[in-house]
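The block underneath contains the structure these notes are about, expressed in structure tokens.
In structure tokens form, the structure reads like this:
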């Protein structure tokens, strides 16, 4: 197996942290998103959507979408469980992971892309659309959505040590990557969210956070 | 178990079709989204995010997010498998389902909400944000994204009878609901996409499509 990766990009980082928590080390192929390599013919032949990460299995099957990759890895190596330990917990992790993704990762991406000069004509990531000019109103919408993300996160951490309960899961990985991504546009954890601040320090200290 | 539902809304329909394919019939509680009932205190006490569907387990646990609900149901009643039959297939279904969701469901929602007078001050679904005025530029972005969605769908159906392979799965359910949602804003399958047109007719004829 090998992972098409981009060391500076937030979504590939989610996969790298997941693999590190599983103590798995895969061959990695670096793709330079900032240089546009993900939208060049060589990589589009690997993933026509032009997105990273992509996991290539030994039989040649290529799996894109970070959650599909993580789900596959979870079945390959179940311990430690990062997607939940039983049916109910897996449902809770799935639900909270998605909230962290929709209100966190995607909102941070909207703020970042729609104000960065490099993406002035590419409001959406990936291939398959024509020119899509940046939409400045999405910067404000993304900011409000991130405020809601921080609210949910503080609420979840009132009940448990981690985002989806008493164990570190994919929901924590996505929340951590969303926060660090939001930091690129100078949006940070509100100072009043003391549980989130303490959680952030704990999860950032895990060795996997450096992956 | 019971399902908080909204009979006219596209996301609850995904859960209803999933349940119908499993031949499961749950108690349903109708919540009137068009009348704003999902954002009123009674429902916010059930789901603070104000979104549907929500599955309530017999122990009182409430699971929101349609994919979390479907994942729970899949474990409760594995047959017929709608999320894949082995690890590789589950990864493919997860990946394609997400493409149908991001480029289909969410794009249709952006086109619909950002041009409909009812949502003039609510560009995003759900509770927890302040006033978010509609963003007209998202109508065009959503249209382009749906064009990409139709392209992927036609490509997938070149290889197999269903969106993620030779069996009907959640990826088909999401694609079907996205297409019918796009129809609300008069966006339809391109006439040249003959495989998609034939597939659409087949999946629409399944009894579950009426759920």
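Residue numbers (my numbering), protein chains in the order written: chain A, 477 to 687; chain B, 477 to 687. The beta carbon of each residue, even a glycine, is placed where N, CA and C say it ideally should be. Since the structure is predicted, the reported quantities are computational estimates derived from the model, not experimental observations.
Annotated three-state conformation of residue 526 of chain B is coil, per DSSP.
When secondary structure is reduced to three states using DSSP, residue 608 of chain A falls in the strand class. For residue 532 of chain A, no CB of chain B lies under 8 Å from its own CB, so it is not counted at the interface with that chain. In this structure the segment 523 to 534 of chain B does not lie against the segment 676 to 684 of chain B, because fewer than three pairs of beta carbons, one per stretch, are closer than 8 Å. In this structure residue 607 of chain B is exposed. Its beta-carbon is surrounded by fewer than 16 other beta-carbon atoms within 10 angstroms. Residue-level contact by beta carbon fails for residue 526 of chain A and chain B, as no gap is shorter than 8 Å. Residue 604 of chain B reaches chain A at 624, 627, counting residues in chain order whose Cβ is nearer than 7 Å. At least 8 Å separates the CB of residue 649 of chain B from every CB of chain A. With respect to chain B, the C-beta atom of residue 571 of chain A has a partner C-beta closer than 8 Å.
Neighbourhood of residue 543 of chain A in chain B, by CB distance below 7 Å: 570, 574, in chain order. By the C-beta criterion, the segment 623 to 642 of chain B is judged not to be in contact with the segment 630 to 643 of chain A, since fewer than 3 inter-stretch pairs fall below 8 Å.
Residue 612 of chain A and residue 657 of chain B have their C-alpha atoms roughly 26 Å apart. Residue 573 of chain A is classed as buried because its beta carbon has at least 16 other beta carbons within 10 Å across all chains shown. Of B/577, B/478, B/555, B/615, the smallest CA-CA separation from residue 536 of chain B is found for B/478. Residue contact check for residue 551 of chain B against chain A: a CB pair falls below 8 Å. Between the alpha carbons of residue 494 of chain A and residue 550 of chain A lies a distance of about 9 Å. Contact of residue 501 of chain B with chain A by beta-carbon distance below 7 Å is absent, the smallest such distance being about 20 Å. At a cut-off of 8 Å, the C-beta of residue 480 of chain B has no neighbouring C-beta in chain A.
Close partners of residue 585 of chain B in chain A (Cβ separation under 8 Å) are lacking, with about 12 Å as the shortest Cβ gap.
Distance from the CA of residue 489 of chain B to the CA of residue 593 of chain A, rounded to the nearest whole angstrom, comes to 40 Å.
Secondary structure note for residue 648 of chain B: its alpha helix (DSSP H) is the uninterrupted segment 646 to 660. At a cut-off of 3 residues, not a single continuous stretch assigned as beta strand (DSSP E) sits fully inside the segment 570 to 622 of chain A. Counted as a single uninterrupted DSSP element, the beta strand (DSSP E) harbouring residue 538 of chain A occupies residues 538 to 540.
By the Cβ-count criterion, residue 662 of chain A is exposed, with fewer than 16 other Cβ atoms from all chains shown falling within 10 Å of its own Cβ.
Looking at the DSSP output, residue 478 of chain A bridges to A/503, A/532.
With contact defined as three or more Cβ pairs closer than 8 Å, the segment 614 to 621 of chain B and the segment 581 to 592 of chain B are in contact. If you look at residue 518 of chain A, you'll find it in the alpha helix (DSSP H) that goes 517 to 520. Contact check for residue 569 of chain A and residue 646 of chain A: beta-carbon distance about 6 Å, within the 8 Å limit, so the pair qualifies. Non-local C-beta neighbours of residue 502 of chain A in its own chain, meaning closer than 7 Å and more than five positions away in sequence, comprise 477, 478, 479, 495, ordered along the chain.
For residue 645 of chain A, no Cβ of chain B is located within less than 8 Å of the residue's own Cβ. Chain A has no Cβ within less than 8 Å of the Cβ of residue 598 of chain B. Distance between residue 585 of chain A and residue 544 of chain B, taken at the CA atoms: about 23 Å. About 16 Å separates the beta carbons of residue 650 of chain A and residue 565 of chain A, which is beyond the 8 Å limit, so they are not a contact pair.
Apart from sequence neighbours up to five positions away, the residues of its chain that approach residue 687 of chain A with a beta-carbon distance below 6 Å are 492, 493, 496, ordered along the chain. For residue 540 of chain B, the chain A residues whose Cβ falls inside 8 Å of its Cβ are 571, in order along the chain. Within the DSSP secondary-structure output, residue 511 of chain B pairs in no beta bridge.
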